[in-house]
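J.:
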Amino acid sequence: MASQAIFPSHFSLLIPPHSGLYIGWRCPHYLWDCFRIGDESKCFCGHLLKEHQIISDISVPCNVGQCRCLMFCFIPSRPEEVGEFWLKRRTTFDPKAWRAQCRCKHSHEDHAATGSHPCRVKGCCCNCFESNFLCAACDRRWEEHETFFETEETRRRGGRPHGTDSVNTWRRPL
1 MASQAIFPSH FSLLIPPHSG LYIGWRCPHY LWDCFRIGDE SKCFCGHLLK EHQIISDISV
61 PCNVGQCRCL MFCFIPSRPE EVGEFWLKRR TTFDPKAWRA QCRCKHSHED HAATGSHPCR
121 VKGCCCNCFE SNFLCAACDR RWEEHETFFE TEETRRRGGR PHGTDSVNTW RRPL
């Protein structure tokens, strides 16, 4: 599993007090979260979770003007999150310029923020975002994952860490 040094943004705020929800990113059939989502986590629309309004577990629209995003959808924002640890060692590497890429070779920012995320680059026939990377936690593609906003009861029913039972697996770095 990952350490806090590798994924610092995901350990800052695990259960936002304003929502009372556990926020994680995983493949739907898994019992564990690949990433725990915090206020600094990035949405496919390019904005952070803290720039979204958490209305309920199924309604988390973006608050940034002109953004059409209706639901926060986690996208990796650092190469370490997709297992590309070696990139940091390159002298010419700029971590602020790194973006998650589609198989069409365009970044997630070149794709629509809603729907199947078709590519908006003129001449590109890509009709949905298909990651050219794998999740560092489970080795599955981005499109096989979902962002979950869950209540404690939902996590309990699903057999996932919750409440005081989650102290060792949810609140503490992996």
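Residue numbers (the UniProt record's numbering): 1 to 174. Backbone N, C-alpha and C fix where the C-beta goes; we use that ideal spot for every residue, glycine too.
Once the 5 residues before and after I23 are set aside, which same chain residues still bring their CB inside 6 Å of it?
T.: The answer, listed in chain order, is I37 and F149.
J.: Should C126 be labelled buried (16 or more other beta-carbon atoms within 10 Å of its own) or exposed?
T.: That one is buried.
J.: Just curious, the alpha helix (DSSP H) that R156 is in, first and last residue?
T.: Segment E152 to R157, the alpha helix (DSSP H) holding R156.
J.: Assuming Q53 and V64 form a contact by the criterion Cβ under 8 Å, report the distance between their Cβ atoms to the nearest whole angstrom.
T.: So it is not a contact: roughly 10 Å between Cβ atoms.
J.: Looking only at its own chain, which residues have a Cβ that is under 7 Å from the Cβ of S77, when we skip the five neighbours before and after it?
T.: Excluding sequence neighbours, S77 sits near K42.
J.: Near N132, what residues of its chain come up, given a Cβ to Cβ distance below 7 Å and the 5 sequence neighbours on each side ignored?
T.: Hits under 7 Å: Q101, C102 and R103.
J.: Which stretch, first to last residue, makes up the beta strand (DSSP E) that contains Y22?
T.: Y22 to R26 is the extent of the beta strand (DSSP E) around Y22.
J.: Rounded to the nearest angstrom, what separates A137 and G83 at their Cα positions?
T.: Distance between the alpha carbons of A137 and G83 is about 8 Å.
J.: Identify whether R36 lies in helix, strand or coil by the three-state DSSP scheme.
T.: Reduced to three states, the DSSP call for R36 is strand.
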